[in-house]
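Our numbering applies: residue 1 is where the sequence shown begins, and numbers increase by one. To start, the structure under review is shown below, and the notes come after it.
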Amino acid sequence: MDIKNIISQMTLEEKARFCSGADEWHIEKLDRLGVPTVMMSDGPHGLRKKVKTQAESYFYGDTVKSTCFPSAAGLACSWNKELLYGLGEALAAEAKGEQISILLGPGINMKRSPLCGRNFEYFSEDPYLAGKLSAQYIKGVQAHGVGTSLKHFAVNNQEHRRHCTNAIVDMRTLREIYLAAFEIAVKEAKPATIMHSYNCINGDQVSKSKWLLNDILREEWGYEGMVMSDWNGMNNRVVSLEAGSDLEMPGSFGIRDAQIVKAVKEGRLDEKVVDRAVERIIKTSYNWQPDENAEKADLVKSHAFCAKVGEETMVLLKNDNNVLPICDNKPLAVIGEFAKTPRYQGGGSSHVNAAFVDDVLECMTERNGGMVEFASGYTLEGDVNTPDEALIAEAVETAKKCGRAVIFAGMPSKFESESYDRRNMKLPESHNELIERIVKEVPETVVVLLGGSPVEMPWLDKVSALFYAYLGGCAIGKAISRLIYGDACPSGKLAETFPVKLEHNPTYLNFPGVGNDVVYAEGVFIGYRYYQKKQIDVNFSFGYGLSYTTFSYDEIKVDGDKVTVKVTNTGKVAGKEAVQLYVGAPASYVERPVKELKGFEKIYLEPGESKTVEFELCDRSFAYYDVRINDWRVESGEYTIYVGGSSVDTPLTATVEKVDNNPYIEPITINTPVIDIMTLPVYEPIREEFMMKILPPVSREKVKEIGFFYKKHPSIYPRRYHTMRMSVRWNDGNMTEEMLMQYIDEANAKLFNK
Ligand code: GLC
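The structure is reproduced here in structure tokens:
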């Protein structure tokens, strides 16, 4: 298809029309020149294809029946690249069957605070995990002819005032944390489109940010796809077009089209910029044309797959005395309205009209030979917070009668959603009270929490076992019952830290910000990067999760950038293990985390089976972003490789020596302190010659005699923070500022080989 030729035949008005959606979900078409349209739809973990127009129905319910898979927060706990690829394939099958060309996901914004209302829809607090898993999701979807939209690019880490917040974040933090996941996904998976976010970054509206949408995304990362706005996220259409925001969504009823035409005609906008955007838009339509013969997906098959996915997304956090799995067909109390009305997805644009939804209670009852007693324990209607004494008393009696209980509790849907943030990390008081009252009477109590992000657990020490099931998708009943009864072995591991309480979180004083401004004062230290650096105890660490079996780690070998380890299933049942590799940097020019995730592999092992797991590292595994050169830098020194089953359980370590062949040299100025010249290796080539010119005469010979062990020298050490400009006074008037500047210029010339 000769798109440039097509564009050459289009009028300016036609081109302008293409720069915003035809309506809420379609790209424009142009029958005159045979340019087809395509339809896009949410969402990241299930198809939300509207069956009515926005005018007919704003509500999320009027969408086609589809499979609601676990939300990203749970998917990330699988640590399973193949699973995410398979999920992408399943999503593509349903999208194709509904003639959808672009699926609006995945969402990979970092979990800066546990309070973000959309954390359920995002992967992790770690950019490497989020980037690698979302890349597989994108590959899986796009392998079957459906495009994706990686979102929300970038630094969209809260819902509070999301359309107008200004994220104030330093460049190193941006690169290492908030852009890094997007960089991995863009480079590895080439998403069909990118959806930019609503917010500003350092005062720069993302929709108008050439630096972000063009310089970084396209010129540095090589992205060639189409960039679209989030819905109603366009600010100034003309400036945004120049910045690289190709498509405004949804359509603008011609208002923006006119602005574009007017700007071109008035010479404020080069028509070539319009052509560039139209070319990307039309290329997207051609590249992702729907298959009109595509059959509707088999939703029953999809639902079964959803259960398999769900099993790997739920995390066993506690299992004292191996009370789980339950496998003795004795009476069991299943407590909690969530067992009857499970919360299996989040609210907002990702909301799916699920074709099937498991009845958790039914699944739990069937698998236990019918010997299950139920009590709701709390209500999900009306006041969900205030404990209902009658419901609690009934639940306690039911649990006492059976002698053991599985309580389904967690966050009701209104506690977290797109478009608003959580007020705290607390569960409803009714749920906490229910758990406290039951564990008092029934020690063998298992708690299963449903929710999209970390919660405080005041009763944690009192319960025997705990699953965090996240929002496990529409097959949640089969998934959790298979895990509870041991038909499946838990393998989920947390993709975010569960702090003891919100006040421990590094963003506590800077979330959700003051007015529109949100200061990312914690820098790169979000999640485990913070808690480990500050040695703050947490309830559950990043990468943590229990199994019904055990694994041993042996024989770490490092050969260049290749690292291998041997992992053995030392238990009695088969299981999967997310093997994690972290890198710890030596003392650095900047403050760096204790360790950072730089590799992971999920493996299956039969009891007694061993496998060798291989990791391939690269420079970026060791680098930090050096704002002095606006590039990544691997500093010289000894790096530590950590391998294990979680960020706090890394039994295997090895060291790797790195040499920085291009160390940063700060040019000497009159404000360079003595200590830098005397101690930094980069100044060694000029140190003696330079210092002999500027030191007080009395010191020169002495320093020469004792060498540059300046700490011993009485006249030097006190001056260690003195700067070069003070050396004029050291020489009793025999050195002028002009002489000093000459010595500095000579030294710099030698340092920079000029
Ligand atoms: C919403 C969301 C975005 C979604 C879009 C279309 O505002 O931010 O994730 O894809 O609009 O519904």
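No residue lacks a Cβ here, since even glycine has one placed at the ideal position from N, Cα and C.
query, result
"Would you call the stretch 458–476 in contact with the stretch 342–362, where contact means no fewer than 3 C-beta pairs closer than 8 Å?", "yes"
"Take the Cβ of F615 as the centre, count every other Cβ of all protein chains shown within 10 Å, and call the residue buried at 16 or more, exposed below.", "buried"
"Answer yes or no: do A354 and T67 have a C-beta to C-beta separation smaller than 9 Å?", "yes"
"With 16 as the cutoff for other CB atoms within 10 Å, does T11 come out buried or exposed?", "exposed"
"Which residues in the same chain have their Cβ closer than 8 Å to the Cβ of I827, if we skip the five residues on either side of it in sequence?", "No answer is possible for residue 827: the residues shown for the chain start at 1 and end at 754."
"Determine the direct distance from the alpha carbon of D42 to that of L104, and round the result to whole angstroms.", "5 Å"
"Indicate whether I335 and A375 have their beta-carbon atoms separated by less than 9 Å.", "yes"
"Any idea what DSSP makes of N166, helix, strand or coil?", "strand"
"What separation, rounded to the nearest whole angstrom, lies between the Cα atoms of A488 and P70?", "17 Å"
"At a threshold of 8 Å, does D230 count as lining the ligand GLC (C-beta to nearest heavy atom)?", "yes"
"If you draw a straight line from the C-alpha of E738 to the C-alpha of R729, how long is it?", "13 Å"
"Under the DSSP definition of a beta bridge, which residues are partnered with W632?", "Y625"
"Under the three-state reduction of DSSP, which class applies to N539: helix, strand or coil?", "strand"
"Considering Cα atoms alone, identify which of I536, E606, Y582 and P593 is closest to T568.", "E606"
"Using the C-alpha atoms, what's the distance from E13 back to V656?", "60 Å"
"Need the endpoints of the alpha helix (DSSP H) that N748 sits in, please.", "E737 to L751"
"Applying the criterion that 16 or more other CB atoms from any shown protein chain within 10 Å of the CB defines a buried residue, is G21 buried or exposed?", "buried"
"Do you know how far the Cα of K426 is from the Cα of R48?", "30 Å"
"For the candidate residues A185, Q289 and E248, whose alpha-carbon lies nearest to that of A95?", "Q289"
"For Q158 versus R112, is the C-beta spacing smaller than 9 Å?", "yes"
"Output the distance between the C-alpha atoms of D170 and N202, rounded to the nearest integer angstrom.", "8 Å"
"Using 8 Å as the Cβ pair cut-off and three pairs as the minimum, do the stretch 429–436 and the stretch 123–136 touch?", "no"
"Measuring from the CB of G545, is there a heavy atom of the ligand GLC at a distance below 8 Å?", "no"
"If you reduce the DSSP assignment to three classes, tell me which class S41 lands in.", "strand"
"Tell me which same chain residues have a C-beta within less than 6 Å of the C-beta of V360, skipping the five on either side of it?", "A339, P342 and G477"
"Secondary structure at V239, three-state DSSP: helix, strand or coil?", "helix"
"Using a threshold of 8 Å, is the CB atom of D42 nearer than that to any non-hydrogen atom of the ligand ZN?", "With respect to the ligand ZN, the structure shown offers nothing to examine, as its ligands consist of the ligand GLC."
"Could you name each continuous alpha helix (DSSP H) segment of 4 residues or more that falls completely within the stretch 114–150, going from the start of the chain to the end?", "127–142"
"Spell out whether any CB of chain D is found under 9 Å from the CB atom of Y639.", "Protein chain content of the structure displayed is limited to a single chain, and chain D is not contained in it."
"For the beta strand (DSSP E) holding S552, just list the boundary residues, first then last.", "F551 to D559"
"Hey, would you say the C-beta of K111 is under 8 Å away from at least one heavy atom of the ligand GLC?", "no"
"Please list, in chain order, all residues of the same chain as R620 whose beta carbon is under 7 Å from its beta carbon, the five residues on each side excluded.", "W632"
"Report the residue from S209, M724, R720 and E389 whose alpha carbon sits nearest the alpha carbon of R437.", "E389"
"Suppose contacts are defined by Cβ-Cβ distances below 9 Å. Is G543 in contact with V455 by that definition?", "no"
"Between which two residues does the alpha helix (DSSP H) carrying M691 extend?", "E684 to I694"
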